Every structure is written in structure tokens, then in C-alpha cells.
């Protein structure tokens, strides 16, 4: 009955997915049937009637009898039962969607743990004498006093000193070091809202269910009171996972393989488009010949060899005409093809072939690569796999429009690292401000920190990477090496028990979100990491869907030489990414241009595809073997006093805060509209307001909360302004009283002693040098002005004041606009105020200027 059930289940699964292998749980049922029947037959039927009872249907039937007979002959009477029981454990492992080697790994771990305990027991039993009890108490008191004074032990120092415990070690020295270090810190939950707990001091093991004082926020004491900020100690080497010795690289069977198209293939003549290309070029007077054809998953490249005397530019300029002749969406021309004396004309295929990630992983280029940083990107237009290593690319920049395949490319890169490296070889730091793209990888054991989604925590993670880089370079200097590979060869030889220093790959899925919140910090951190972190084994993969100059700045582009461009909207975006055109002609859906460092031209390829179901199976496989162990101090780094003073000492801070309080909303664009400042300074002002608690944190599309009222603002800032004004008044000279009004016809006296003529005088008097200097810099107004001369102020009447007081005489010439239409209208208003009726202009005299001006006669 059980056999029929398994047979029906296998048939249904196979019919549902004809091109895929049977899943593990189906194989688990088959293995359980075989070994379960054999054990049942061995327990119910004696050895003499093994086949007799099997033929009659007794016990486990003929299947159980055959399997028991085989193991009884092969292993003997007493070992057959353990072997068959081990087969049942393998079946249970397969039913749980785990590796069939899991029971063997568990048995081996139990054996090694028992052997370690036995060695320790024998060593204590045969010791000559134990320590004196009084000495033990004194040693414990000394160790407690020392533990209170010293800082937390960094794993980087453990790597240098060679004191990191290794599993399976039989050395008494290693056991002594393990005893000194005590137990490892408890596993931290991947909760983004909880601060990561720090490392425990020697001998400290946090009790389960109780709060650990190391997990408090930076700069706080155990009782919650604020204390001084502890110095950040980076973790150069993470403690090895307990399952590393038995970690199994995921098999390629977890991924789907490309299947041939179910549609009947029609015979295609690929030479026909070549003849169309030759005919089109000939119609423009260009002699050329198609000498080669290469068909890829997305496009087909025709290699065109121009005739003698034909300029390459003349063929490049005909891309639109060739697209029209070929009835293609767009045609990209590569002139010339690197390494060939031909021009490549890339024409899109009518049917696009999907490139699965497994097709690239199973190639010889990926399997024979020895670097744990090997990544599979896709296939080029010739069908060859595009495989590279991050240590060769140095760093990688990925950009493209929405839906072009950027996120799938990042998932393919992460999956490639999981298929190539163990958790003790490569560590991952995933930064996902969008919160939905990289969260599926939150359970992989390669993570050194939870998936970062908060932009502020992302900036802290980048600062942690800088400290980690500096700590690694200090280790390199002490050993006398220049890079991580040489350091691992010298510090951790093959026979050493110390784990090697792992590589760290930092993946940022959306750079534009980080640049909006903290542009200065993120750009500086990326600049330092991209410039210096390569030799220390830290690599960056930065992706963005906004390829603009304010996101991909010149500093970032200069230090990230390798780039991948997906389809973009305009040629400007293509030049921002690649410094050349071409990405605007891509087809989308994984069509990309890969521009590695050292290459003269980008390589066109079709990106590898990995589905969500494949990602779930891969994550389930690796997370079943090991759990991630997070290092301390990555997500939250205490902000230094210098940074706080720098962001709050901006002279525009009070004015910007007043604008925010009056508008009852806080945004960078608001400050840019109200103040003559750029984006970076406005963002720093908003960050300063958030640090001081005046506005709320960044919440995506929701506006920030303004927590400060206008009354509180006036009470804080105007009191400071009044104090500053009083101090300035005390140190400056006492101001003079305002001068009395000048009567009509009275002369004006300058501070230099010169007497100016009265407003009714007919000639001008040249002012003194002091007054002239002030008059050149002072701003003229329409109703009068006060001009500073020394410590006094002299009010100089304006042109309108002189007209009103003296009537027909003016001591100054008319302004430049006196003969314009505006000047005439102003004169009419003055006459109306004096009770006089101004003369009207005739139709023929409009715009004639000064002939109809009533004040024109007073100038002569």
C-alpha cells in the first residue's frame, strides 16, 4: 500500500514538472520505503526464512528480504542493523528537504565532541595535583578586577594572537585558550530595531532570557544612564561557525536548467539580414561585406568589413537607416570590434532566449575558477559565459532604469557567491533601503550583519567597514604583508588551527535613497572604501536606478572602475554610467553592457536569471546547515562630538529651522526653495534638525514630523539673538542721535566739514572724499536714503523729495528714465498731487519723449 502511494506521488510530481528532477521529499519516501521494509523484515522474520516469508508477503515482503540479505552479507550480523537505521535517518533528512549527508555530519560532530571531552577528562585525571583553594580564590579576584578594567576583546586580536578556537582540535594549548575565552556570545536575532549586542568579556556568558548590558545603546551605562561613549573595536575575523567543518556547497540541482523551446523551430536564414545590410550600405555609396555572423540569446551580431577608403564614421551614422531596412527596434553599431578588423552591427532577435543562472554556473569557466569571489553574470552575444571575479573587477557599479534587470543581476551575484564560497571565506553586508529586494537573503550564514534597510544604519555600516579596513591594514603591517591573500598565507598556513581572514562584500541595492538622506557621509565612505579597501579584502557592489550626476558623482565613478549598464532612458544617462553612449539602445529584460576595468569597450551580454522559487530553495539549503552570526557594532556606531558640532554650527541653521517651523514640514526641497543653497547643504541642515530632535526621522514617502513650535523657537533663538546684540552694542561706539529735519533752502553739512548747497540751489557741490566713498557703495532708494559716513548718518533727499519741496527747480539732473513712459507717468502723479492738471499727449506725440514733458523747460 505504501509502495503504491509513493509510486502515485512520484508520477504526479513528474507529470506536473516534466523537465525537473524529483524533489528531495519524494526521494525521501523511496529511501524510507526501502530501509523501513528491511528493518521490519529483520525484526519479524528469522534469518532461515528470509526469502520464504518474503515470497509469501510476510514481513517486509520481497523488497525487505532482499535489502536485509544484502546488508547482512556485506556488514555482518551485528552491523547490519546500525547501517539500515542510518539509512532511515537519511530518509528523514531528505523528507525535511536537507542534505543526505546531514546525519553523517551530526554523528561526526558528536564523536569529535566526545573525544574532546575524553581528552579533557583524562588530562584532569592524570594531573599530579590540583591548585590550592586559596590560590584559586585569589586568582578569581584578580581576574575579575582585570576584566573590569580592560576593554572588550576584539576578534581581530584573536586572529593575530592565534587564539581563536578551532573545532576538532586535540591540542591542549587550544583547549586552554578556549577555557580563557569562555563561551561564545549568544546568537543575536536579526531584528533591525534592536541594537546588536557586543562581544562578552572573558568568562561572561549572558543568561538566557535576560537583557545583556552589551546590547544597550552606545554611550549608555547598564542602568540606562548616559555614560561616555566606548571606543569602537571592529571585528576583523568573525568566530567560525560550528557547522563550518561540515558545510556543503549547494548543488546546482537547486536551480532550473534551460529547456529547449517547445515551439517547432522554423528554418531561419541568418544570411538574409546580412544581404539587407550590404544592400542598404551600397545604396548610400558604401562598399561593405558581411564576413561573419554570431547569434546570441538577445541579439545577432553581423561583422561587416568596409571596403578600401570607407570611413568608419560613415557606417556608424547610418544606424537609424539600417534599423529601418531591417525592421528592427533599434540597431547598435560597435565600431570596430575589439581584436578584429570589422564593424559589429547588432540586430535584436525576434525571439529572446532566457539565460538561466545554472547554465552559466555549470560552465568550465565557473567550475575551474579558484577564487571564492567568482560571480556569473550571463552570456555574451556569442553565447559564451560571462564570468568574472570581484578581486579582478575591484569594485562594481550597476545602474539602469526600473525593470531593466538590475535586481535580478544582484540576486545572481549573491547566488554565485553562495555556490562558490563557504561562510568562513566570504562575508556579506547587504544594504537594501527599499526593504523588499534583498530581504530574501536574511537567513544565509554568510551575513555578518542583518539586512540593513534604514539609511542611517547604512551610513553606520559603511563607517564600520572603514574601521574594519583600517584594522586589517594594521594587521598587515605587523605581519609585513600587503594584501589579504598574502596575509592568509603567512598568518594562517595550511597546518594552522587559526581561521583565515574572510573577504567582505558590501552590496548596496539603491544608492539614490542613501544619497538623499546622508549624501556627504555616504559619498565619503564609498570614496574611502573604493579607494583603499581592495587590498584588505573588502569589495563594493553599488546599484542605482537613477543614473544622474547627483547620485553617481564623479568621486564615485573615479573609484569604481568596473560598471554594468542596463537599459536607460537617454544617452545622457548612458554617458553618466559608462562615459559613452550605447546603453540607451539596449532592449531591457537583462540586456546589459559589462564594462570591466582595463577593457577598451563594454561587452554586451544577456544577464543570468534566477527566480524567486530558486532563491527560496537556495536559502533554505544553506540556512539549514548553519545560522548567521552577526558581529557587533555594525548597525549603530556612536556619533563623535566633532560630527555633531559640524552639522549644528551652520550659520543658516536658525533661519532654516524657522522656515521649517513656519511651514510645519521639513524637507530638503523646501530649504532649497527658500534659501540659496544646494542639495548637500540642505540635507545636512535637515540631518542636524533630526539629531537635535527638532524634526522626526525619515519615513519614506511620509513627511517628517516637526516637533518644535514657534513659541519654543522664539524662546530659544531670539533670546540668543538678544544676548548677542547687547554684547555687540556694548563693544561698539555709542550711536549718534538722528539728524533733525532739514528745512527748505538750508544747506547740508557733511561730517568732513564741507557745506553742501541747499536743495533749491542750481549747481552741484562735489562732496568730500569720505562722503563720495560712501555714496558709491550705498544703495539708492525711491524715498530717501541714509548713508553711513564714519560714525554718523546723513539723510540725503531723493529726487521726488526735491520736487515736492522746491517745485519747479531741481538741483540734480533728471534720472535716466525721466523721458520714458514710466517717467512721464510719475511726473503726472506729482502734478496731480500739487493740484495741477498735466498736459495730455497727442496721438502723434506718444513716445516722442521730452517735448511734452512739463518739467523739460526747467533744464534749460
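In this note's numbering, the protein residues as written are 15 to 874. For every residue, glycine included, the Cβ atom is placed at its ideal position computed from N, Cα and C. All values reported here derive from a predicted model rather than from experimental measurement.
Can you tell me whether residue i is buried or exposed? The criterion is at least 16 other CB atoms within 10 Å of its CB, across all chains shown.
i, result
"residue 493", "exposed"
"residue 459", "buried"
"residue 129", "exposed"
"residue 92", "exposed"
"residue 559", "buried"
"residue 626", "exposed"
"residue 639", "buried"
"residue 728", "exposed"
"residue 58", "exposed"
"residue 564", "exposed"
"residue 561", "buried"
"residue 312", "buried"
"residue 524", "buried"
"residue 168", "Residue placement at residue 168 is poorly supported in this model, since its pLDDT is 42, which falls under 50; the coordinates are not used for a value here."
"residue 701", "buried"
"residue 451", "buried"
"residue 49", "buried"
Leaving out five residues on either side along the sequence, give the residues of the same chain with a beta carbon under 7 Å from the beta carbon of residue i.
i, result
"residue 497", "549"
"residue 677", "684"
"residue 467", "206, 446, 447 and 449"
"residue 634", "111"
"residue 502", "514 and 515"
"residue 74", "51, 52, 54 and 55"
Do you know whose CA, among the options, lies nearest residue i's CA?
i, options, result
"residue 463", "339, 440, 291 and 484", "440"
"residue 114", "328, 66 and 46", "46"
"residue 402", "684, 449, 375 and 416", "375"
"residue 698", "57, 674 and 664", "664"
"residue 520", "422, 504 and 553", "553"
"residue 60", "49, 72 and 50", "72"
"residue 51", "558, 488, 90 and 68", "68"
"residue 609", "630, 575 and 690", "575"
"residue 570", "581, 543, 580 and 595", "543"
"residue 318", "325, 304 and 704", "304"
"residue 357", "347, 363 and 731", "347"
"residue 708", "668, 689 and 716", "668"
"residue 602", "639, 422 and 454", "422"
"residue 547", "594, 509, 529 and 488", "488"
"residue 273", "288, 367 and 290", "367"
"residue 438", "102, 604 and 518", "518"
"residue 268", "600, 632 and 527", "632"
"residue 287", "360, 701, 334 and 479", "360"
"residue 116", "500, 432, 636 and 844", "636"
"residue 397", "315, 409, 355 and 105", "315"
"residue 499", "133, 386 and 588", "386"
"residue 353", "65, 469, 614 and 308", "614"
Counting only beta-carbon separations shorter than 8 Å, does residue i have a partner in chain B?
i, result
"residue 312", "In summary, chain B is missing from the structure at hand, where a single protein chain is found."
Under the DSSP definition of a beta bridge, which residues are partnered with residue i?
i, result
"residue 392", "400 and 621"
"residue 878", "Only positions 15 to 874 of the chain appear in this structure, which leaves residue 878 out of reach."
"residue 347", "359"
"residue 713", "716"
"residue 428", "BP columns for residue 428 are empty, so no partner."
"residue 440", "517"
"residue 300", "Answer by DSSP bridge pairing: none, since residue 300 is not bridged."
Got a sec? Which residues, its chain only, sit under 8 Å from residue i by beta carbon, not counting five neighbours each side?
i, result
"residue 124", "none"
"residue 383", "401, 403 and 434"
"residue 686", "692, 693 and 696"
"residue 629", "425, 429, 454 and 455"
"residue 689", "666, 669, 670, 673 and 696"
"residue 539", "473, 476, 477, 479 and 480"
"residue 529", "536, 537, 564 and 565"
Enumerate in chain order the residues of its own chain whose CB-to-CB distance from residue i is below 6 Å, with the five nearest sequence positions on each side excluded.
i, result
"residue 618", "395 and 607"
"residue 622", "369, 371, 374, 390, 392 and 426"
"residue 94", "85 and 86"
"residue 604", "419, 620 and 621"
"residue 491", "none"
Task: beta strand (DSSP E) segments (min. 3 residues) lying fully within the segment 514 to 555 - done: 517 to 522
Open item on the list: For a minimum of 4 consecutive residues, which ranges assigned as the alpha helix (DSSP H) are wholly contained in the segment 676 to 709?
Closed with: 682 to 688 and 693 to 706
TODO: Any chance you could list the alpha helix (DSSP H) runs of at least 4 consecutive residues sitting entirely within the segment 564 to 634, in chain order?
DONE: The qualifying runs are 568 to 573 and 585 to 592.
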